[in-house]
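Asker: Mind the numbering: the sequence shown is residues 885 to 1158 in this note's numbering, read in order.
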Amino acid sequence: MTEPRTLFTVAALQSQPVFGDVAANLATLDAQLAGLEADLIVLPELCVSGYSLRDRAEAFDLAECFPDGPLSERLLALSEVTGGMIVAGFAERDGDRIYNAAAVVAAGRPLGTYRKLHLFGFEREVFDVSEGPLRVFEHAGLRVGTMVCFDWIFPEAARSLALQGADVIAHPSNLVLPGWCQQAMLVRALENRVYTVTANRTGTEHREPRPALRFTGLSRIAAPTGQALADGPEQGTTVLCADVDVTVSRCKVLPSGNDVFAERRPDLYGGGPA
Ligand code: ACM
């Protein structure tokens, strides 16, 4: 009997899409990902549409239904080659509803989508409110939880994924607050004893009436020890890779003997508005 795998390679693509040019952005993604072998590849939020959507009509034009649209088809084809999982941010159309979502595929098969729970700023005018759920997808022995960008500031999101058994949190992002999330993800990884893969974008967008936005780059893969395993540059595109060991992410016991999950006191964590 073969032992289950414990070591996996994860990767984050830091990209710089051109607003609204889905075909060009897909071609660039193809070139950036060519030859990349990883058990998990994470792409940024809204990775082929661009971010600064003016209104819902524009979002619908640039959206797709999973798993039938052009991005989904590329992800399925690419994952067939890698044999691993891919998580990519996109605008998901579902009837007359539209979500800021992450597509999840593995080895040529669609696994599902996660719809961003916490919409940032103007996104609330463009996208529908998601009812979740926060989800963990498993493929070939690796358990991957999904959240999107601003979900980071709500520690409950990463905690819920870790409690569901995630080894890795895949985190497609279009971050604009300088360095905030990049710092916080070290803590999300540490407090939950999981790996995190934040794939951020770079570049700028200025589409009236939206404010000018500068995306912060600095994509980051973090370890359950709270250390950065790989960091992207502030500007420019790149691919980051790191190895993850699921025996580490599945052990919630500290050298002190404390089990950071078993010793939680959820009965006492209430308070504030429901
Ligand atoms: C963000 O959630 N895109 C900042």
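Cβ atoms here follow ideal geometry from the backbone N, Cα and C, with glycine treated the same way.
In this text, all values refer to a predicted model and were calculated from it rather than measured experimentally.
Give a yes or no on whether the C-beta atoms belonging to E976 and E1007 are separated by under 9 Å.
Answerer: Cβ atoms of E976 and E1007: not closer than 9 Å.
Asker: Taking 7 Å as the limit between beta carbons, can you name the residues of its chain near D1035, skipping five residues before and five after?
Answerer: Once the five neighbours on either side are set aside, the close Cβ partners of D1035 are K1000, L1001, H1002 and A1041.
Asker: Report the residue from D978, L1061, V1081 and P1062 whose alpha carbon sits nearest the alpha carbon of L1070.
Answerer: Among D978, L1061, V1081 and P1062, the Cα nearest to that of L1070 is on V1081.
Asker: In the DSSP assignment, the beta strand (DSSP E) including E976 goes from what residue to what residue?
Answerer: Element bounds for E976: M969 to D978.
Asker: Can you tell me which of the three DSSP states P994 falls into?
Answerer: Strand at P994.
Asker: For N1076, count neighbouring Cβ atoms within 10 angstroms of its own Cβ and tell me buried if that reaches 16, exposed if not.
Answerer: The residue in question, N1076, is buried, as its Cβ has 16 or more Cβ neighbours within 10 Å.
Asker: Tell me whether M931 sits in a helix, a strand or coil according to DSSP, three-state version.
Answerer: In the sequence as presented, Met is not what sits at residue 931; that position holds Cys. If DSSP states are grouped into helix, strand and coil, C931 belongs with coil.
Asker: At which residues does the beta strand (DSSP E) containing L865 begin and terminate?
Answerer: Summary: the structure shown does not reach residue 865, with the chain confined to residues 885 through 1158, and so no result is reported for it.
Asker: Report buried or exposed for H1023, applying the criterion of at least 16 other Cβ atoms within 10 angstroms of its Cβ.
Answerer: It counts as buried.
Asker: Residues in the same chain with beta-carbon distance under 8 Å from L995, minus the five sequence neighbours each way, listed in chain order, please.
Answerer: So the list reads M969, V988, V989, F1021 and H1023, once near-sequence residues are dropped.
Asker: Applying the 10 Å Cβ sphere with the 16-neighbour rule, what's the burial state of P1117?
Answerer: The residue in question, P1117, is exposed, as its Cβ has fewer than 16 Cβ neighbours within 10 Å.
Asker: What does DSSP give as the partner residues of R1104 in its beta bridges?
Answerer: Beta-bridge pairing links R1104 to T1082 and D1115.
Asker: I need the DSSP call for D914, collapsed to helix, strand or coil.
Answerer: Correct three-state label for D914: helix.
Asker: Return yes when the C-beta of S1057 is under 8 Å from any heavy atom of the ligand ACM, and no when it is not.
Answerer: The answer is yes for S1057.
Asker: Less than 9 Å separating the beta-carbons of C931 and S899?
Answerer: Yes.
Asker: Could you give the C-beta distance for E1089 and S936, rounded to a whole number, given that I count them as a contact under 8 Å?
Answerer: About 4 Å separates the two Cβ atoms, so the contact holds.
Asker: Buried or exposed for A1054, going by 16 or more other Cβ atoms inside 10 Å?
Answerer: With 16 or more other Cβ atoms within 10 Å, it is buried.
Asker: Span of the beta strand (DSSP E) holding P1056?
Answerer: Its beta strand (DSSP E) spans residues V1052 to P1056.
Asker: Which residues in the same chain as V1013 place their Cβ atom closer than 8 Å to its Cβ, once the five residues preceding and following it in sequence are excluded?
Answerer: Excluding positions up to five away in sequence, the list reads L1003.
Asker: Tell me whether C1135 sits in a helix, a strand or coil according to DSSP, three-state version.
Answerer: Three-state DSSP puts C1135 in coil, outside helix and strand.
Asker: When the Cβ atoms of the region 1130–1140 are set against those of the region 1148–1157, are three or more pairs found closer than 8 Å?
Answerer: Because the criterion of three Cβ pairs below 8 Å is not met, the region 1130–1140 and the region 1148–1157 do not touch.
Asker: May I ask which residues mark the beginning and end of the alpha helix (DSSP H) holding D945?
Answerer: Taken as a continuous stretch (DSSP letters only), the alpha helix (DSSP H) holding D945 covers R940 to L946.
Asker: For V894 versus V1128, is the C-beta spacing smaller than 9 Å?
Answerer: Yes, these two residues count as a Cβ contact at 9 Å.
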